[in-house]
Amino acid sequence: MILRSDTDSITAANGTSFSSPILAGLVACLWQPHPERNATDIMEAVRRSASFFLNPNDSMGYGAPNFGAADVWLTLTGVEEVEELGTLLVHPVPFSSTINVVLPDGLMGNAHVVLFDVNGRVLRFHRITVRPGARTR
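Note that our numbering has the sequence shown beginning at 537, numbered continuously upward.
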């Protein structure tokens with residue numbers, strides 16, 4: 537954090553005195569679009585999004601949270617899965633920068649497309665509108 541010192545010069549400082557209020561503000565911002573969620577849900581989303589979630593330690597705890605990923609987790613958890621969706625065709629496998637997903641005929645509406653890594657971290661998140669015959673990037 538950059539601040540003005542007692543001598544009117546600019547100096548750097550750090551510590552939990554700065555991180556706690558910033559984190560509290562970010563948590564409040566995260567909770568705002570999810571008013572139906574309780575404090576436990578919000579805390580779980582923040583933990584799951586953190587850089588050391590899979591291996592917390594004594595010095596960093598769960599690590600630095602990713603509030604974008606926490607928002608995605610809150611958006612997607614508790615959403616009923618679509619039953620009888622049919623078969624998705626995903627190609628090419630493996631892929632490098634582009635992946636194609638072909639949905640079954642007849643699907644329409646808004647959808648979330650989420651790409652996860654092998655550890656369950658969100659790599660990409662897109663909101664799309666599905667229309668028959670349409671291509672979305």
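Every residue, glycine too, gets a C-beta built ideally from N, C-alpha and C.
Handout entry: Reference Gly-597; option with closest CA among Val-582, Thr-611 and Leu-539
Key = Nearest option by C-alpha distance: Val-582.
Exercise for the section: In the DSSP assignment, find the beta strand (DSSP E) that holds Ala-581 and state where it starts and stops. Expected result: In this chain, Ala-581 is not harboured by any beta strand (DSSP E); it is covered by the alpha helix (DSSP H) spanning 575–585.
Practice task
Under 7 Å Cβ to Cβ from Ala-647, same chain only, skipping five residues before and after it: list those, please.
Solution key: Closer than 7 Å at Cβ, skipping near neighbours: Ile-664 and Val-666.
Handout entry: Contact belief for Val-658 with Ala-605 at Cβ below 8 Å, rounded distance in angstroms
Key = The Cβ separation is near 5 Å, so the contact holds.
Exercise for the section: Could you name the residues of the same chain whose beta carbon sits closer than 7 Å to that of Leu-612, not counting the 5 residues immediately before and after it, in chain order? Expected result: Around Leu-612: His-648 and Val-650.
Handout entry: Euclidean distance between Cα positions of Gly-599 and Leu-590
Key = Looking at the two C-alpha atoms, the distance is approximately 10 Å.
Handout entry: Spatial distance of Arg-671 from Pro-592 (CA atoms)
Key = Whole-angstrom Cα-Cα distance: 41 Å.
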